[in-house]
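**Q** Dumping the structure here so I can ask a few things about it.
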Amino acid sequence: MITTLAFSAFVAVSCGWIGVRAVREHRAVLAERRGLLDDAAKLFDNARITFGRDHFPVLVGRLDDGRRAKVELIADTMVTRRLPQLWLRVTLSEGKECARPTIGALARPTGAEYYSLVHDMPEWMTPPQTETSLLMRGDGSATAWQAERVSALFRSLFADPQVKEAVITPRGTRVIRQAAQGDPGAHKVLRQARFPLKAIPSELVSLAIAEAETLSALLAEDDDTIPAYEAA
Numbered sequence: 091m092i093t094t095l096a097f098s099a100f101v102a103v104s105c106g107w108i109g110v111r112a113v114r115e116h117r118a119v120l121a122e123r124r125g126l127l128d129d130a131a132k133l134f135d136n137a138r139i140t141f142g143r144d145h146f147p148v149l150v151g152r153l154d155d156g157r158r159a160k161v162e163l164i165a166d167t168m169v170t171r172r173l174p175q176l177w178l179r180v181t182l183s184e185g186k187e188c189a190r191p192t193i194g195a196l197a198r199p200t201g202a203e204y205y206s207l208v209h210d211m212p213e214w215m216t217p218p219q220t221e222t223s224l225l226m227r228g229d230g231s232a233t234a235w236q237a238e239r240v241s242a243l244f245r246s247l248f249a250d251p252q253v254k255e256a257v258i259t260p261r262g263t264r265v266i267r268q269a270a271q272g273d274p275g276a277h278k279v280l281r282q283a284r285f286p287l288k289a290i291p292s293e294l295v296s297l298a299i300a301e302a303e304t305l306s307a308l309l310a311e312d313d314d315t316i317p318a319y320e321a322a
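Residues 91 to 322 in this note's numbering are what the sequence shown lists, from first letter to last.
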């Protein structure tokens, strides 16, 4: 009887200790998330950071020409047979609507990319030949010249396996890149999405912004030159 009571007390104390530790670790993870874009905020004047329900930061700032840049982090736990992915999403908004079509490409599509704009585009397009599989779609308004030029840039852009999605629309452009993969131990044992980094490198954010700017300039009516990123 005494042994049974002692064992029950030991189990109760152990469960309580595990619960307290889990809560502390969860709070620590959420606190770390909130600072992931602090370094990137230094890239902008008058940068503003808010937080989503998942405690990931959302950074909004202005480029030198006044255009609005939005930097977000997306924790993707719906990937199949892979670790959770942390995506960096950079959206560049134009000052006014541009006379250009909507075209986008998505690398390694599975159909589960809930954050993708490409899945919602109505017209299927022939993607460029790359080492990774691409889904390329648009709104059906692109001319043959426009489609060919965008395809050429996509071929160069998606040569980097960390690029997940690139989109051109009349109102802006968007680039999604891999920021990190989930910690294997936390995912396999606890089924948690923990990402082993303290901050998103400002260089990675700068790269994504530069790529979004190149997409923006690609179909400018008065620009007949090849963008610098494509020529590189």
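Beta carbons are placed, not taken as given, at the ideal position from N, Cα and C, and that holds for glycine.
Decide if the segment 291-304 is in contact with the segment 258-269; the criterion is three or more beta carbon pairs, one per stretch, under 8 Å apart.
**A** By the C-beta criterion, the segment 291-304 is judged to be in contact with the segment 258-269, since at least 3 inter-stretch pairs fall below 8 Å.
**Q** At what residues does the alpha helix (DSSP H) containing Leu305 begin and finish?
**A** Taking the first residue of the sequence shown as position 1, residue 305 is located at position 215. Run containing Leu305: 292-308, per the alpha helix (DSSP H) assignment.
**Q** Is the distance from the Cβ of Ala202 to the Cβ of Phe248 below 7 Å?
**A** Counting from one through the sequence shown, the residue named residue 202 turns up at place 112. Counting from one through the sequence shown, the residue named residue 248 turns up at place 158. Against a cut-off of 7 Å, the Cβ pair of Phe248 and Ala202 comes out as no contact.
**Q** Taking DSSP as the reference, what is the three-state secondary structure of Glu213?
**A** Within the sequence shown, the letter at position 123 stands for residue 213. Assigned with DSSP and collapsed to three states, Glu213 falls in strand.
**Q** Can you tell me which of the three DSSP states Ser183 falls into?
**A** Translated into the one-based positions of the sequence shown, residue 183 becomes position 93. In this structure, Ser183 counts as strand in the three-state DSSP scheme.
**Q** Are the beta-carbon atoms belonging to Ala165 and Pro191 less than 7 Å from one another?
**A** As a working mapping, residue 165 is identified with position 75 in the sequence shown. As a working mapping, residue 191 is identified with position 101 in the sequence shown. For Ala165 and Pro191, no; Cβs fall outside 7 Å.
**Q** If I measure Cβ to Cβ from Arg111 and keep anything under 6 Å in the same chain, skipping five residues before and after, which residues do I get?
**A** Here the question's residue 111 lines up with position 21 in the sequence shown. Confidence is the limiting factor: at Arg111 the pLDDT is only 41, short of 50, which leaves the residue's position unreliable, though a coordinate-based value still follows. Leaving aside the five residues that flank Arg111 on each side, none in its chain has a CB nearer than 6 Å to its CB.
**Q** Val110 by DSSP, collapsed to three states: which one?
**A** Counting from one through the sequence shown, the residue named residue 110 turns up at place 20. In this prediction, Val110 has a pLDDT of 40, which is less than 50 and means its spatial position is unreliable; what the coordinates show is noted afterwards. The answer is helix: DSSP assigns Val110 an H, G or I state.
**Q** Round the Cβ separation of Ala195 and Leu225 to the nearest angstrom and send it over; I've been treating them as touching at under 8 Å.
**A** Within the sequence shown, numbered from 1, the residue matching residue 195 stands at position 105. Within the sequence shown, numbered from 1, the residue matching residue 225 stands at position 135. Sure, about 7 Å apart at Cβ, within 8 Å.
**Q** Report the partner residues of Met226 according to the DSSP bridge assignment.
**A** Your numbering for residue 226 matches position 136 in the sequence shown. Per DSSP, Ala195, Met215.
**Q** Could you give the DSSP three-state label for Asp128: helix, strand or coil?
**A** Within the sequence shown, residue 128 is the residue found at index 38, counting from 1. Asp128 falls in the helix class under three-state DSSP.
**Q** What is the DSSP secondary structure of Glu255, counted as helix, strand or coil?
**A** Translated into positions along the sequence shown, residue 255 becomes position 165. Strand, per DSSP.
**Q** Kindly indicate which three-state DSSP category Phe56 falls into: helix, strand or coil?
**A** Absent from the structure is residue 56, since the part of the chain shown begins at 91 and ends at 322.
**Q** In chain order, what residues of the same chain lie with their CB nearer than 6 Å to the CB of Pro218, ignoring the 5 residues before and after it?
**A** Locating residue 218 in the sequence shown gives position 128, counting from the first residue. Within the same chain, Pro218 has close Cβ partners Ser241, Phe244, Arg245.
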